[in-house]
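Colleague:
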Amino acid sequence: MTEPRQPSADEVRALVQRIVDQTLDQDAADAAPGSDGRTIVAIAGDHGGWRLKDAIGRWLEEHGYVVRDCGTDSDDAVDYPDLAHAVARMVSEKTACCGIIVDGAGIGSAMAANKVPGVRAANCHDISSARNSREHNYANVLTLGSGFLGTPLALQVVETWLDTEWGAERHGRRVEKINAIERSYTGSTGGKDT
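In the numbering used here, the protein residues as written are 2 to 195.
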């Protein structure tokens, strides 16, 4: 049995661009950033996390958020880095205020999302880590592990994460140091408000 061919970097970039373009095309008239005053949240889940992702998407819509679903919607195997990249890119480009990604553990998606300039992804597994990631670290992407969280707890984590205010006065200096580290390697201008 032969190993499947690994896609080239250009093929991966093209795939991510297609995911982002398809996502932005969904309900474009209704969901342009700020067009109706609602907050846009980009979400994704791989084959191990799509069911929880769908439950989170429904909860977000019921609570007045606009959801940009970057996929997937089946048990067919997909690569979580592609989905994490699509969500992180939307956050980085400010076409979504924040993102939520679900895979089996949430760890790989956090790693992939954190490669995108301006993204601070946090893998949270309970209410305390969700609160801390927002208040202390100004996380703008939440990653969850469907293998570790049931739907009721995951929804509590999402709600806490979204409701927790950024403690800029107390923690801003440290987050700016995180941004400075990123800029030193990428040349990114990801400022204090990213």
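Every residue, glycine too, gets a C-beta built ideally from N, C-alpha and C.
Which partner residues of Asp104 appear in the DSSP bridge assignment?
Modeller: Gly146
Colleague: What's the C-alpha gap between Ala123 and Lys116?
Modeller: 12 Å
Colleague: Quick check for students: name the residue ranges of the alpha helix (DSSP H) that lie wholly in the region 47–126, counting only runs of 4 or more.
Modeller: 51–63, 81–93 and 108–114
Colleague: Sorted by chain position, which residues of the same chain lie with C-beta nearer than 7 Å to Asp77's C-beta, five sequence neighbours on each side aside?
Modeller: His48
Colleague: Along the chain, where does the alpha helix (DSSP H) containing Ser129 start, and where does it finish?
Modeller: Ile128 to Glu136
Colleague: Have a look at Pro82, Ile128 and His137 and flag the residue whose alpha-carbon is nearest the alpha-carbon of Arg171.
Modeller: Residue nearest to Arg171 within the set Pro82, Ile128 and His137 is His137 (criterion: CA-CA distance).
Colleague: Have a look at Glu94, Met91 and Ala45 and flag the residue whose alpha-carbon is nearest the alpha-carbon of Asp80.
Modeller: For Asp80, the closest of Glu94, Met91 and Ala45 by C-alpha to C-alpha distance is Ala45.
Colleague: Can you tell me which of the three DSSP states Ala45 falls into?
Modeller: strand
Colleague: Since Ser185 is in the alpha helix (DSSP H), which residue starts that stretch and which ends it?
Modeller: It spans Ala169 to Thr187 - the alpha helix (DSSP H) in which Ser185 sits, taken as one unbroken run.
Colleague: Would you tell me roughly how many angstroms separate the C-alpha atoms of Met91 and Ala181, rounded to the nearest one?
Modeller: 21 Å
Colleague: Could you tell me the alpha carbon to alpha carbon distance between Leu150 and Gly188, rounded to whole angstroms?
Modeller: Cα-Cα distance, rounded: 37 Å.
Colleague: Rank Arg184, Gly148 and Val42 by C-alpha distance to the C-alpha of Ala87 and give the top, closest one.
Modeller: Ala87 has its Cα closest to that of Val42, out of Arg184, Gly148 and Val42.
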